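**Q** Each residue of the sequence shown is one higher than the one before, counting from -3 in this note's numbering.
Every residue, glycine too, gets a C-beta built ideally from N, C-alpha and C.
Predicted model, so just to flag it, every value in this text is computed and none were measured.
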Amino acid sequence: MHSTIDVAARVDCLFDDGEYYRGSVAAANADGTYRIVFDDGDIRHDAPLSDLLSPLLPGTRVSCYFPSEADYFPGVIGADNGDGTYHIRYDDGDELESASRRDIR
């Protein structure tokens, strides 16, 4: 992400449960944090920049955690599921239907 984010920008924001969810920047606060309105209507009033990630586009090269192997492997974003998770197509042909944003780097 940039050092500042525009109001109305789409982001994946870390929530209290440790997962990332899609939302929009509603305001930039004076202390450098952001107010995020999540797609489900929840609001986070003080998200630091470090808790915000740009949504990933299909075709983006990534390394993603593969649960049965307990390791990260290369692949591409196949689809944005729209709920903060992504469909991953690994280079070896395996697929993961619902990868959490925290498992993608």
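Are there 16 or more other CB atoms within 10 angstroms of the CB of M(-3), so buried, or fewer, so exposed?
**A** Its pLDDT being 49, under 50, M(-3) is placed unreliably in this model, and the value from its coordinates should be taken loosely. M(-3) is exposed by the Cβ-count criterion.
**Q** Under 8 Å by Cβ, that's how I've got I32 and V72 pegged, so tell me the actual separation to the nearest angstrom.
**A** Not quite, the Cβ-Cβ distance comes to about 27 Å (not below 8 Å), so this is no contact.
**Q** The beta strand (DSSP E) with D8 in it runs from where to where?
**A** Counting along the chain, the beta strand (DSSP E) containing D8 begins and ends at R6 to L10.
**Q** I1 and L48 look like a contact to me (Cβ under 8 Å); what is the Cβ gap, rounded to whole Å?
**A** Sure, about 6 Å apart at Cβ, within 8 Å.
**Q** Could you tell me whether the segment 84 to 101 touches the segment 54 to 64, where touching means 3 or more Cβ pairs closer than 8 Å?
**A** Touching, per the Cβ criterion.
**Q** Which one of Y16, A24 and G28 has the shortest CA to CA distance from F34?
**A** Nearest of Y16, A24 and G28 to F34, Cα basis: Y16.
**Q** Tell me where the beta strand (DSSP E) around S20 begins and ends.
**A** Segment Y16 to A24, the beta strand (DSSP E) holding S20.
**Q** Just verifying my parser: in three-state terms, what is the DSSP assignment at L92?
**A** L92 falls in the strand class under three-state DSSP.
**Q** From the DSSP secondary-structure annotation, give me the bridge partner or partners of D47.
**A** In DSSP, D47 forms no bridge with anything.
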